[in-house]
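Participant: To start, I am sharing the structure in question, which I have written as structure tokens.
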Amino acid sequence: MATQQQSIKSDVLKPVWQKAFKFNWQLGCILIFLIGIPRFILVLQANVTGNYNLVPLVFLLMGLTPFLFLTKAGRQQIGMKKPEKYSWLVFSFLIGAAVCAVAFFVTEFLFSDTISNSFVYISKSYAVSRTGFSDADRLIYFIIYAVIGMSFSPIGEELFYRGVVHGSLAVNTSEYKASVLDSLAFAITHLAHFGIIYTLGKWEFLFLPALVWVFFMFVTSRIFFVCKQQTGSVWGAVASHAGFNLAMMYFIFYRIL
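In the working numbering, the protein residues as written are 246 to 502.
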């Protein structure tokens with residue numbers, strides 16, 4: 246622990262923050278709640294209205310946190326650097342897509358096409374599912390949603406959770422424990438996407454389906470971290486997250502909607 250803490254450079258945080266904060270678990274927890282709670286609320290609202298226009302702004306804010314809080318040395322320390330193994334960027338992308346496929350088929354087996362299926366519920370929250378579209382337009386909508394899903398969320402969430410949050414937590418504990426903690430935060434935040442659902446004009450909490458969903462989000466998050474380790478860069482986690490989201494859009498547009 247002491248050795249790890251000694252390796253933390255003093256210039257990790259930008260000077261403007263150094264009097265108020267230290268780059269440690271406390272800062273990580275503050276950021277989790279400061280950004281996580283508004284994101285949670287906005288996603289819940291989007292599930293009701295079908296309007297996700299404000300949610301990408303949260304992902305943008307997440308992606309900006311390394312630049313707002315950290316120096317160049319700090320950003321490199323959390324993994325914002327060139328990958329050491331470029332081949333693993335491709336592997337990471339494919340692994341992310343494979344994990345999504347496993348989650349989809351397991352969830353489909355357990356809950357069929359009911360509202361207890363996280364993929365089904367999430368697909369119904371999209372505005373396009375409410376307005377409808379023709380088979381001729383399916384590819385166009387798939388590309389639009391896939392591009393958005395492979396950019397805002399993977400970059401924003403991974404720079405935030407596998408970057409700033411993980412790096413701050415790892416100051417006070419091991420890399421493994423820090424990954425478990427940032428993965429828990431990631432998984433619990435995704436209860437806003439599914440688990441706490443809005444259906445037939447009222448809110449419900451689906452305990453068992455939510456547990457399955459959170460489990461998959463936790464495992465997926467841990468895999469994103471492994472991809473970060475294998476590439477030696479946070480961009481490995483971004484690539485894996487992008488693969489997961491691309492596969493999810495495929496299942497939504499070609500297996501559900």
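Cβ atoms here follow ideal geometry from the backbone N, Cα and C, with glycine treated the same way.
Do the region 369–379 and the region 288–296 make contact, defined as three or more Cβ pairs closer than 8 Å?
Facilitator: The region 369–379 vs the region 288–296: in contact.
Participant: Whole angstroms are fine: how far does the CA of M494 sit from the CA of A381?
Facilitator: If I take the Cα positions, the gap works out to 17 Å.
Participant: Looking at the unbroken beta strand (DSSP E) that takes in E402, where does it start and where does it end?
Facilitator: Careful: E402 lies outside any beta strand (DSSP E), inside the alpha helix (DSSP H) at F397 to E402.
Participant: Since I believe G481 is in contact with L334 (beta carbons under 8 Å), could you give me their beta-carbon distance rounded to a whole number of angstroms?
Facilitator: The pair is a contact, with the Cβ atoms about 6 Å apart (cut-off 8 Å).
Participant: Can you grab the Cα-Cα spacing for the pair L302 / R284, in whole Å?
Facilitator: One C-alpha to the other measures close to 9 Å.
Participant: Is it a yes or a no for the region 428–441 touching the region 394–413, going by three-plus beta-carbon pairs under 8 Å?
Facilitator: Flag = yes, the region 428–441 and the region 394–413 touch.
Participant: Give the C-beta separation of T316 and V257 to the nearest angstrom, bearing in mind that I take them to be a contact with Cβ-Cβ under 8 Å.
Facilitator: That belief holds up - the Cβ atoms of T316 and V257 are roughly 6 Å apart, short of 8 Å.
Participant: My assumption, with CB atoms under 8 Å, is that V479 sits in contact with R407. Please give the rounded CB distance.
Facilitator: Contact flag correct, Cβ pair sits at about 5 Å.
Participant: Please state whether the Cβ-Cβ distance between A487 and A346 is less than 7 Å.
Facilitator: Taking 7 Å as the Cβ cut-off, A487 and A346 do not qualify as a contacting pair.
Participant: So which of L299, F364 and V344 has the shortest CA-CA distance to I501?
Facilitator: Residue F364 is the option with its Cα nearest to I501.
Participant: Could you work out which residue in V410, I275 and Y390 is closest to R320 when comparing CA atoms only?
Facilitator: With distances taken between Cα atoms, R320 lies closest to V410.
Participant: Using a threshold of 7 Å, state whether the C-beta atoms of I367 and H438 are closer than that.
Facilitator: Yes, the Cβ-Cβ distance between I367 and H438 is below 7 Å.
Participant: Spatial neighbours of F450 within its chain, please: C-beta separation below 8 Å, excluding the five flanking residues on both sides.
Facilitator: Taken in chain order, the residues that qualify are G440, I441 and I442.
Participant: Can you give the Cα-Cα distance for A415 and V464, rounded to whole angstroms?
Facilitator: Between A415 and V464, the C-alpha separation is close to 19 Å.
Participant: Pull up the distance between the alpha-carbon of P260 and that of I323, whole angstroms please.
Facilitator: Cα-Cα distance, rounded: 18 Å.
Participant: Helix, strand or coil, according to DSSP, for E329 in the structure here?
Facilitator: Three-state DSSP puts E329 in coil, outside helix and strand.
Participant: Can you give the Cα-Cα distance for F304 and S379, rounded to whole angstroms?
Facilitator: Each residue's Cα considered, the two are about 30 Å apart.
Participant: From Y236 to A484, what distance separates their C-alpha atoms?
Facilitator: This structure cannot settle anything about residue 236, because the visible part of the chain is limited to 246 through 502.
Participant: Quick one: which unbroken alpha helix (DSSP H) runs of 4-plus residues sit fully inside the region 329–370? Chain order, please.
Facilitator: 332–356 and 363–370, all fully within the region 329–370.
Participant: Hey, quick one: how far does the alpha helix (DSSP H) through G386 stretch, first residue to last?
Facilitator: A small correction: the amino acid at residue 386 is Tyr; Gly does not occupy that position in the sequence shown. Per DSSP, Y386 belongs to the alpha helix (DSSP H) from D380 to G394.
Participant: Extract the residue ranges of the beta strand (DSSP E) inside the region 446–490, only unbroken runs of 3 or more that lie entirely within it.
Facilitator: List check, beta strand (DSSP E) in window: 447–450.
Participant: I need the straight-line Cα distance from F314 to G377, nearest angstrom please.
Facilitator: Approximately 43 Å between the Cα atoms of the pair.
Participant: Name the residue from G477, G281 and A455 whose alpha carbon lies nearest to the alpha carbon of N362.
Facilitator: Considering only alpha carbons, the answer is A455.
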